[in-house]
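Numbering (this note's numbering), first residue to last: 8 to 256.
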């Protein structure tokens with residue numbers, strides 16, 4: 008508690024959350040306190056996978072449908088709270104208008120890029136990401152797609168074990184990579200974001216935490232549900248809005 012009270016409250020919210028989660032890890036004596044919950048989320052999403060694939064395959068516009076599903080999966084976020092309904096969210100997001108819609112630029116960049124970095128967010132959600140990755144691979148000729156996961160467990164964020172569990176490692180042309188967007192969480196086994204951004208043509212960034220932590224760079228396409236009031240306000244959106252936003256610098 009002393010660590011939190013002594014913090015500078017102008018610090019980036021993800022950094023504050025890191026301190027809080029480290030306390031939880033220490034007090035619970037568990038390196039990954041949400042491990043069981045993450046497996047449950049992955050199992051539920053894997054159970055939905057066949058039907059989600061049918062939705063994309065039957066769509067007249069598979070890519071935008073897969074993007075919408077990937078955004079719907081972003082509701083699986085225990086950093087915001089456990090009270091979410093994934094089926095209702097899917098139905099809503101498939102019909103809802105984007106508050107920020109940079110899809111045309113998104114497609115143009117997919118056409119022009121040779122490699123892609125896909126920064127995942129949460130367990131369970133990564134199954135929805137897998138469907139988008141499969142759709143991108145089927146429509147565009149990427150030499151390599153790097154699927155970025157966290158090194159250190161944090162709430163229900165995806166780590167290597169989650170990506171392997173849902174079968175990302177079995178995808179041709181996709182390589183799972185430890186990538187930390189937060190410099191204070193980097194260890195010897197991970198790539199830092201500055202390393203990645205200089206070498207990649209295009210980056211897809213999932214979720215609010217990555218949006219908060221990453222620079223505003225034109226290589227990045229932020230894909231998320233606006234779940235908290237502060238993020239929604241920063242985006243000029245309302246809670247529940249769906250966002251596909253390209254960085255501007």
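The beta carbon of each residue, even a glycine, is placed where N, CA and C say it ideally should be.
Keep in mind it's a predicted model, so treat the numbers as computed, not measured.
Note to self: Which same chain residues end up closer than 6 Å to residue 214 when comparing Cβ atoms and leaving out the 5 residues on each side of it in sequence?
What the structure shows: Cβ neighbours of residue 214 beyond the five flanking positions: 81, 128 and 231.
Notebook entry, point to check: DSSP on residue 154, reduced to helix/strand/coil?
Noted result: DSSP places residue 154 in strand when its eight states are reduced to three.
Check: For residue 144, which residues of its own chain have a beta-carbon under 8 Å away from its beta-carbon, when the five flanking residues on both sides are left out?
Finding: Shown here for residue 144: same chain residues with a beta carbon closer than 8 Å to its own, the five before and five after excluded, namely 152, 178, 179, 180 and 181 in chain order.
Next item on the list: Please list, in chain order, all residues of the same chain as residue 37 whose beta carbon is under 7 Å from its beta carbon, the five residues on each side excluded.
Entry: Answer for residue 37: no residue qualifies.
Checklist line | For residue 216, the residue or residues it bridges with in DSSP | finding: DSSP lists no partner for residue 216.
Next item on the list: Give the single residue among 84, 30, 71 and 249 whose Cα lies nearest to the Cα of residue 164.
Entry: Ranking 84, 30, 71 and 249 by CA distance to the CA of residue 164 puts 84 first.
Check: What beta strand (DSSP E) runs, 3 residues minimum, are completely inside the region 84-149?
Finding: With a minimum length of 3 residues, the unbroken runs of beta strand (DSSP E) contained wholly in the region 84-149 fall at 122-126.
Margin query: If you reduce the DSSP assignment to three classes, tell me which class residue 75 lands in.
Written below: Helix.
Next item on the list: Return the bridge partner residues of residue 232 from the DSSP annotation.
Entry: Paired residues: 249.
Next item on the list: Give the single residue among 106, 149 and 139 whose Cα lies nearest to the Cα of residue 263.
Entry: Here the chain has residues from 8 to 256 only, and residue 263 is not among them.
Item checked: Any alpha helix (DSSP H) of 4 or more consecutive residues that is wholly inside the region 31-69 -> If one requires a minimum length of 4 residues, the alpha helix (DSSP H) runs lying completely within the region 31-69 are 42-65, in chain order.
Item checked: Cα-Cα separation between residue 106 and residue 220, rounded to whole angstroms -> Their Cα atoms are separated by approximately 21 Å.
Next item on the list: Could you check what DSSP says for residue 162 in three-state terms: helix, strand or coil?
Entry: The answer is coil: DSSP assigns residue 162 none of H, G, I, E or B.
Check: Counting pairs of Cβ atoms below 8 Å between the region 169-177 and the region 43-55, do you hit three or more?
Finding: Output reads yes: the region 43-55 touches the region 169-177.
Next item on the list: Below 6 Å CB to CB, which residues in the same chain sit around residue 238 once its five sequence neighbours on both sides are set aside?
Entry: The residues are 215.
Item checked: Limits of the alpha helix (DSSP H) - the one that residue 167 falls within -> DSSP places residue 167 in the uninterrupted alpha helix (DSSP H) bounded by 167-172.
Checklist line | Burial state of residue 75 (16 or more Cβ within 10 Å) | finding: Burial check for residue 75: the Cβ neighbour count within 10 Å reaches 16 or more, so the residue is buried.
Notebook entry, point to check: alpha helix (DSSP H) containing residue 204: first to last residue?
Noted result: 200-206 is the span of the alpha helix (DSSP H), which, as asked, contains residue 204.
Next item on the list: Spell out a yes or no on whether the region 204-214 and the region 63-71 are touching, meaning 3 or more CB-CB pairs, one atom from each, closer than 8 Å.
Entry: Contact fails: fewer than three Cβ-Cβ distances are below 8 Å.
Margin query: What does the alpha-carbon distance come out to for the pair residue 27 and residue 64?
Written below: Rounded to the nearest angstrom, the two C-alpha atoms are 42 Å apart.
Margin query: What residue range does the beta strand (DSSP E) around residue 185 cover?
Written below: Following the DSSP letters along the chain, one finds residue 185 inside the beta strand (DSSP E) bounded by residues 181-187.
Notebook entry, point to check: For residue 233 versus residue 223, is the C-beta spacing smaller than 8 Å?
Noted result: Residue 223 sits away from residue 233, with the two beta carbons spaced by 8 Å or more.
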